[in-house]
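J.: Heads up: the sequence shown at position 108 corresponds to 203 in my numbering, and the numbers run straight through without jumps.
Ideal Cβ placement from N, Cα and C applies to all residues, glycine included.
The structure that follows is given in the form of structure tokens.
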Amino acid sequence: MLQLRLAWRNLWRNRRRTFITIAAVFFAGFSIISMRSLQTGAYGSMVRTMVGSHTGFIQVHQKGYWDEKFIDNSFEERPELREEMSSVPGVMGVSPRLTSHSLIAFEDRSRPAMVDGIDAEYEAQLDIESNLIAGDSKPGDGVLIGQGMAKFLNVEVGDSVVFLGSGYHGMSANALLPVRGVVRFTSPVLNDNTAFIDLRMAQYVFAAPGMLTAYAINTDPNADLDAVLADVTQVVQDTSGYEVMGWHEMMPELVQSIEADSAGGILMAGILYIVISFSLLGTFIMLAAERKREYGMLIGLGMRRGQLMRVAFIEASAMAIMGAALAVVITRPLTLYYYYNPIQFTGQAMEALREMGMEPVMPASIDWSIPLTHGSILIFLTLTISLYAMISIKRIQPVNAMRS
């Protein structure tokens, strides 16, 4: 207890030195935590936009379908299998899909599009109701289209569009369907190039009664994806001809992109750690030099070197903890703000992100592991560097120190 009191008093004897050390730790923590929170939040946004909003974090389909996405690689619908997969812990919903391609035309304009047959009762990925701009949230006997496609074709709710495509086993797939709703999807791919019709209507139009191309599975955000994937595979393994894939396997290019960008972020964090290390080392060298006479006098008066080293260690620990804690506390409201109000990209950056199929926003991550991890690293780094002061105490000669 006496050593704690001595350490605390020593901190405020020279407030300037203490504030410099705390500020150095704080600014390093603030920079690194903010940077990594924005990076991690951007990765989460990419995954939600490109995977969670449509494809599903897990997908069950016919073997070979992912390599050749043709309607001929479909399988018979099995409601009992969907029920079994829905009961797996961590699964939030299982969406039956029949996906094909068609040319969609209105008057003198046309656009090739992906046509998704969905069952509104079981749809777990598409948040249609909250993103609905006009019309109905269910396709019924018509079609739901994205805002981008509606703008390109110049159609409104109530207009009828023509579908020209190829169905199951080469059958003709032509239809005239009214636009029942216009939806603004966060994914540019869905917004500009996808149309949604009722699953039964899709099976009729594409001459594929009772057929599906995939079950898209949505998972709980807090669930262990690998564990859920293993459980779903266990359910499906008794059925021959099916394939279960997680989003990491379905989209390896997205995984590689995230890993490459994350490596750059870790490298930048490493550079910041090196900079703060030299800054802290300079601070502790200055601290040891300024207090050399004080340390020599205390040792000369009979204080043991071990006790003095413990006091110095407590001082360093207090400054490290205060700086890191301040960084964690200050960055928290900042990350919360940018989580609910993401940074919006404009101009060329917006166009580039949309071309890659990503939403042009950068939200922050509010995962506590980011500030706690980097705060702990800063504390460990500061305490490691503070060993210089303790080594100085161990080597100090009281007589020479008091004469300095």
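Quick one: Cα of V504 to Cα of R100, how far?
T.: One cannot answer for residue 504 here, as it falls past the ends of the chain, which runs 96 to 499.
J.: What do you reckon, are the CB atoms on S190 and A208 nearer than 8 Å?
T.: Position 95 of the sequence shown holds residue 190. Position 113 of the sequence shown holds residue 208. Against a cut-off of 8 Å, the Cβ pair of A208 and S190 comes out as no contact.
J.: Quick one: what's T289 bridged to in DSSP?
T.: Within the sequence shown, numbered from 1, the residue matching residue 289 stands at position 194. Looking at the DSSP assignment, T289 forms a beta bridge with M209.
J.: Looking at C-alpha atoms only, which residue of R399, L320, S261 is the closest neighbour of I488?
T.: Here residue 488 refers to the residue found at position 393 when the sequence shown is read from its first residue. Measuring from the Cα of I488, the nearest candidate turns out to be R399.
J.: Suppose contacts are defined by Cβ-Cβ distances below 8 Å. Is T247 in contact with R206 by that definition?
T.: Taking the first residue of the sequence shown as 1, we reach residue 247 at position 152. Taking the first residue of the sequence shown as 1, we reach residue 206 at position 111. The identity of residue 247 in the sequence shown is Phe, whereas the question assumes Thr. Yes, the Cβ-Cβ distance between F247 and R206 is below 8 Å.
J.: Have a look at the DSSP bridge pairing and note the partners of A311.
T.: Taking the sequence shown and counting its residues from 1, the one referred to as residue 311 is at position 216. According to DSSP, A311 bridges with Q154, S190.
J.: Could you tell me whether the region 138 to 155 touches the region 309 to 321, where touching means 3 or more Cβ pairs closer than 8 Å?
T.: At 8 Å Cβ cutoff, the stretches touch.
J.: By how many angstroms is the C-alpha of A415 removed from the C-alpha of T468?
T.: Here residue 468 is taken as the residue at index 373 of the sequence shown, counted from 1. Here residue 415 is taken as the residue at index 320 of the sequence shown, counted from 1. Taking the straight line joining both Cα atoms gives about 14 Å.
J.: For G260, which residues does DSSP report across the bridge?
T.: Translated into the one-based positions of the sequence shown, residue 260 becomes position 165. In DSSP, G260 forms a bridge with S197, A268.
J.: Should T194 go down as buried or exposed, given a rule of 16 or more other Cβ atoms within 10 Å for buried?
T.: Working through the sequence shown from its first residue, we reach residue 194 at position 99. T194 should be labelled buried.
J.: Please name the residue, chosen from P458, S412, I438, N495, that lies closest to Q98 on a Cα-to-Cα basis.
T.: Here residue 98 refers to the residue found at position 3 when the sequence shown is read from its first residue. Residue S412 is the option with its Cα nearest to Q98.
J.: Short check: CB of F125 to CB of I366, under 8 Å?
T.: Working through the sequence shown from its first residue, we reach residue 125 at position 30. Working through the sequence shown from its first residue, we reach residue 366 at position 271. Cβ distance not < 8 Å, so F125 and I366 don't count as in contact.
J.: Let me know the secondary structure DSSP gives M404 once reduced to three states.
T.: Locating residue 404 in the sequence shown gives position 309, counting from the first residue. If DSSP states are grouped into helix, strand and coil, M404 belongs with the helices.
J.: Taking just the CA atoms, how far does M340 sit from T150?
T.: Residue 150 sits at position 55 when you count from the first residue of the sequence shown. Residue 340 sits at position 245 when you count from the first residue of the sequence shown. Those two C-alpha atoms are separated by around 11 Å.
J.: Do A245 and F258 have their CB atoms nearer than 8 Å?
T.: The residue labelled residue 245 in the question sits at position 150 within the sequence shown. The residue labelled residue 258 in the question sits at position 163 within the sequence shown. No, these two residues do not count as a Cβ contact at 8 Å.
J.: Exposed or buried, E86, counting other C-beta atoms within 10 Å across all chains shown (16 or more means buried)?
T.: Nothing about residue 86 can be read from this structure; the chain reaches only from 96 to 499.
J.: Could you check how far apart the C-beta atoms of S352 and T135 are, in whole angstroms? I think they sit under 8 Å.
T.: Residue mapping note: residue 352 aligns to position 257 of the sequence shown, counting from 1. Residue mapping note: residue 135 aligns to position 40 of the sequence shown, counting from 1. With a Cβ gap of about 14 Å, S352 and T135 do not count as contacting.
J.: When we look at the beta-carbon of M266 and count the other beta-carbons within 10 Å, is it buried (16 or more) or exposed?
T.: Indexing the sequence shown from 1 puts residue 266 at position 171. By the neighbour-count rule (16 or more Cβ atoms within 10 Å), M266 is not buried but exposed.
J.: Distance check for L320 and F373, CA to CA, integer angstroms please.
T.: On the sequence shown, residue 373 is found 278 positions in, with the first residue counted as 1. On the sequence shown, residue 320 is found 225 positions in, with the first residue counted as 1. Approximately 41 Å, taken between the alpha carbons.
J.: Taking all protein chains shown into account, decide if E354 is buried (16 or more other Cβ within 10 angstroms of its Cβ) or exposed.
T.: Position 259 of the sequence shown holds residue 354. Exposed is the call here.
J.: Once you ignore the five residues that flank L307 on each side, which residues in its own chain have a CB closer than 7 Å to its CB?
T.: Mapped onto the sequence shown, residue 307 falls at position 212. Taken in chain order, the residues that qualify are S169, F170, E172, P191, R192, L193.
J.: Would you list the residues sitting across from V277 in a DSSP beta bridge?
T.: Against the sequence shown, residue 277 aligns to sequence position 182. DSSP, once it has assigned bridges, lists A229, I240 as partnering V277.
J.: Excluding the 5 residues preceding and the 5 following V323 in the sequence, name in chain order all residues of the same chain whose CB lies nearer than 7 Å to its CB.
T.: For the purposes of this step, residue 323 is identified with residue 228 of the sequence shown, where counting begins at 1. The residues are I153, V183, G185, V186, T314.
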